[in-house]
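Quick note, the sequence shown lines up with residues 1 to 178 if you use the UniProt record's numbering.
The C-beta atom is built at its ideal place from N, Cα and C for all residues, glycine as well.
Here the structure is a predicted model, which means the values were calculated and not measured.
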Amino acid sequence: MSTPEHYDLLLARCRTLFLAKTHDYGTAWRILRLPSVTDQIFIKANRIRTIQETGVQLVADDVNEEFVAIINYCLIALMQLHLPPDTPLDMSLEAVAVAYDHEAAENRRLLLAKNHDYGEAWRQMRVASITDLILMKLHRVKQLEDIGGDAWVSESVEGSYRDMLNYAVFALILRGEK
């Protein structure tokens with residue numbers, strides 16, 4: 001299966017879960033400030049790394065589902081970044097779907113551009129290395145958040161969320177997820 005096909009399949013799965021949770025919980029995620037979203041992604045990535053390092057998992061939650069959560073939290077961050085400031089906390093399911101789809105499509109474009117330029121080098125990587133890259137991006141985002149988000153020469157917070165989302169997709173593909 002090609003990378004774009006895999007991306008579409010995985011993001012459709014993530015979208016279904018996200019919209020089902022939106023149905024159940026509403027848009028409670030809208031209350032989260034970006035540093036809180038960053039910390040949620042950190043919790044997921046750190047759990048994955050701990051399991052990778054120890055080989056022991058005491059909570060039954062599947063590691064693949066943690067990568068799915070990273071994807072959805074990155075999309076939350078991107079939506080929070082781009083929703084107009086006057087967007088109400090309570091959004092309709094339809095409005096959430098439109099925002100989710102917009103950010104997922106933007107990410108797809110980035111993934112295809114980078115895959116072209118990098119020649120799908122990620123396919124030769126280890127999942128543990130991808131986990132480390134996600135954690136490194138998280139530390140960068142935290143640093144940027146702590147200095148007010150103003151990068152002089154570095155990638156933006158938005159770019160880091162987009163990269164983490166794509167790294168999580170790559171990890172799921174390498175783990176054989178469909």
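Item, Value
"Sequence-distant residues of its chain with Cβ nearer than 8 Å to Asn46 (five each side left out)", "Leu135"
"Cβ pair Ala104, Leu11 closer than 7 Å", "yes"
"Exposure of Ser2, with buried meaning 16 or more beta-carbon neighbours within 10 Å", "exposed"
"Beta-carbon proximity list for Ala168, same chain, < 6 Å, skipping 5 on both sides", "Phe67, Ile70 and Ile71"
"C-alpha gap between Val141 and Met79, whole angstroms", "16 Å"
"At least three beta-carbon pairs within less than 8 Å, the segment 53-62 to the segment 76-96", "no"
"Minimum C-alpha distance to Phe170 - residue among Ala121, Lys21, Gly148 and Leu144", "Ala121"
"Nearest-angstrom Cα separation, counted from Pro88 out to Ile48", "34 Å"
"Distance CB(Pro4)-CB(Glu145) smaller than 7 Å", "no"
"Coarse secondary structure for Arg126, derived from DSSP in three states", "coil"
"Environment of Leu112 [buried if 16+ CB atoms lie within 10 Å]", "exposed"
"Alpha helix (DSSP H) segment containing Val56, residue limits", "Run containing Val56: none; DSSP gives neither H nor E here."
"Own chain residues within Cβ distance below 6 Å of Asp163, not counting five before or after", "Lys137"
"Neighbourhood of Leu133 by C-beta distance below 7 Å, restricted to the same chain and skipping five residues each side", "Tyr167"
"Euclidean distance between Cα positions of Thr50 and His23", "32 Å"
"Start-to-end residues for the alpha helix (DSSP H) that takes in Glu5", "Thr3 to Tyr25"
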